[in-house]
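J.:
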Amino acid sequence: MSGRIHLSPPDVGPLEESYVIQALRSGWVAPLGPEVEAFEREIAERVGTAQALAVNSGTSALHLALLSLGAGPGTVVVAPTMTFVATANAAVYTGAEPVFVDCDQANGNMDVAALEEMLQRLSRAGETVAAVLVADMFGSCADYDELLPVCAAAGVPVVEDAAQALGATYQGRPAASFGRLGALSFNGNKIITTSGGGMLVSDDAALLARCRHLATQAREPAPHYEHADIGYNYRLSNLLAALGRAQLRRLDGMMRRRRLIRERYAKLFSTVPGVRLLADGDEGSNCWLTSIVVDPERSGWRAAELGTHLDAQDIETRPVWKPMHLQPVFAGRRAVVTGAAENLFAQGLTLPSGSVLDDRRMGRVVGAIEEFLDRR
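Going by the working numbering, 220 is the number at position 114 of the sequence shown; the sequence numbering is gapless.
1. Taking only three categories from DSSP, how would you classify His-333?
2. Considering Arg-482, what are the terminal residues of the beta strand (DSSP E) in which it resides?
3. Taking the alpha carbon of Gln-453 as the point to measure from, which residue in Leu-412, Gly-387, Ile-475 and Val-472 has its own alpha carbon closest?
4. From what residue to what residue does the beta strand (DSSP E) around Gln-157 run?
5. How far does the beta strand (DSSP E) with Leu-423 in it reach, from first residue to last?
6. Which residue's Cα is closest to the Cα of Ile-367: Trp-394, Arg-351, Arg-404 and Arg-286?
7. Which residue from Gly-438, Ser-461, Gln-419 and Leu-450 puts its Cα closest to that of Arg-110?
8. Looking only at its own chain, which residues have a Cβ that is under 6 Å from the Cβ of Leu-253, when we skip the five neighbours before and after it?
9. Report yes if the C-beta distance between Asp-117 and Arg-279 is below 9 Å; otherwise report no.
10. Determine the extent of the alpha helix (DSSP H) in which Ile-149 is found, giving its start and end residues.
11. Can you tell me where the beta strand (DSSP E) with Val-305 in it begins and where it stops?
12. From the DSSP output, in three-state form, read off Glu-233 for me.
13. With DSSP run on the structure shown, which of helix, strand or coil describes Met-63?
14. What residue range does the beta strand (DSSP E) around Glu-266 cover?
15. Determine contact between the segment 333–351 and the segment 136–154, defined as no fewer than three beta-carbon pairs at a distance below 8 Å.
16. Would you check if there are 3 or more beta carbon pairs closer than 8 Å linking the segment 127–134 to the segment 472–479?
17. Pick helix, strand or coil for Arg-341, following the three-state DSSP scheme.
18. Report the three-state DSSP secondary structure of Gly-469 (helix, strand or coil).
19. I need the straight-line Cα distance from Thr-456 to Arg-325, nearest angstrom please.
20. Quick one: any contact between the segment 432–439 and the segment 219–226, if contact means 3 or more CB pairs under 8 Å?
21. Measure the alpha-carbon distance for Cys-247 versus Arg-481 and round it to whole angstroms.
22. Is Ala-409 buried or exposed, if buried means 16 or more other CB atoms sit within 10 Å of its CB?
23. Extract the residue ranges of the alpha helix (DSSP H) inside the segment 377–422, only unbroken runs of 4 or more that lie entirely within it.
24. Where do the N-terminal and C-terminal ends of the beta strand (DSSP E) with Val-256 fall, by residue?
25. Tell me, which residues are paired with Leu-287 by DSSP?
26. If you measure between the beta carbons of Ile-297 and Gly-245, is that distance less than 9 Å?
27. Excluding the 5 residues preceding and the 5 following Ala-194 in the sequence, name in chain order all residues of the same chain whose CB lies nearer than 6 Å to its CB.
28. Give the single residue among Ser-405, Phe-190, Ala-156 and Asp-358 whose Cα lies nearest to the Cα of Arg-424.
29. Which stretch, first to last residue, makes up the alpha helix (DSSP H) that contains Leu-450?
30. Taking DSSP's pairing of strands, which residues face Arg-325 in a bridge?
31. In whole angstroms, give me the CA-to-CA distance for Asn-339 and Leu-463.
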């Protein structure tokens, strides 16, 4: 059995093919159409919000969310340092200044104490904070019972970046439903995919209407092309929405498969000193990606060494996200840093986690890891 094993490749099959062919034959091949409208309704129902807006990426969803909340020049957006760069980039697109807070060592999600410290600093400086961007990392939700009261006390709205967390829950409540607005991603490596695409969800009809207007080139209701605002070409294709609808029907099964994979890794590393799974024990996680954290002083080896070994076996791995405050593009930005994100970056390794990883391929990954461990 050969061929590269990837972290999280798309999981598509006959159902997706049938949905896309049906949409193609309907004649709705341009952006928008009945598949987009149905996909919006179905996502809103899944995450428990009143409305949803289908867009062409999770990044677009974040950009629109921040614009609708007034982010722009002269304002600040608080973001996690442990995240993918799109979270922070969305703030920059608006002209706002991103500032960063560190993460919880146990799961990579925003450190609430660090967030509170940053909000207090900004308040003392008299700065206008447009929003707190909270990312649900690797498919596990942030600690919203602690986080939301801190933001409410500061009078700052929350935008939930749930790009990695569709299907996850916190205290039984679905990811993407905790902020004033929530953003989802359907990129090719996400738990479900529309090839490229995203969704903005909210209970606030006025905010979502504003986002919908901006996402459609801000065209005014007139018989000619009339524009009073700068808008964006951010809507989702009808064909891609059809793909997403089929994927959504398979979401629960794909999450079950990813959880089985995570449990296999948990068993494999349970007796290995100095190794733990990130967010281990989170029953609400969608198990999008499984990452291990390696303490080299206890294990006798480093995460990067295992990554090199697996790469030689044509098995893809990846370090966890490099913190934003260490990225050259954000050098010198303000941050509350505890060292947790830097430690996870140095000690973390993400392993193949996709639902297409069948038992034979999973056996190949486990065998390669066991070979590495035996040599230690």
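Heads up, the beta-carbon is just placed ideally off N, CA and C, and yes, glycines get one too. Only a predicted model underlies this, so the values are computations on that prediction, with no experimental measurement involved.
T.: Inspection of the coordinates gives the following:
1. strand
2. Here Arg-482 belongs to no beta strand (DSSP E), and DSSP marks it neither H nor E.
3. Nearest Cα to Gln-453 within the set Leu-412, Gly-387, Ile-475 and Val-472: Leu-412.
4. 157–161
5. As written in the sequence, residue 423 is Thr, which differs from the Leu given in the question. It is not in any beta strand (DSSP E) - Thr-423 carries neither H nor E in the DSSP assignment.
6. Trp-394
7. Gln-419
8. Val-218
9. The answer is no: Cβ separation not under 9 Å.
10. Note, Ile-149: alpha helix (DSSP H), 140–153.
11. The sequence given here places Met at residue 305; Val does not occur at that position. Its beta strand (DSSP E) spans residues 304–308.
12. coil
13. Since the first residue shown for the chain is 107 and the last is 482, residue 63 is missing from the structure and cannot be characterised.
14. Start and end: 264–267.
15. Yes: at least three Cβ pairs fall under 8 Å.
16. no
17. DSSP places Arg-341 in strand when its eight states are reduced to three.
18. helix
19. 43 Å
20. no
21. 36 Å
22. buried
23. Scanning the segment 377–422 for uninterrupted alpha helix (DSSP H) segments of 4 residues or longer gives 402–405 and 409–418, listed from N- to C-terminal end.
24. Note, Val-256: premise wrong, no beta strand (DSSP E); alpha helix (DSSP H) at 250–260.
25. Val-265
26. yes
27. Ala-185, Pro-204 and Met-430
28. For Arg-424, the nearest C-alpha among the options comes from Phe-190.
29. Counting along the chain, the alpha helix (DSSP H) containing Leu-450 begins and ends at 446–453.
30. His-333
31. 36 Å
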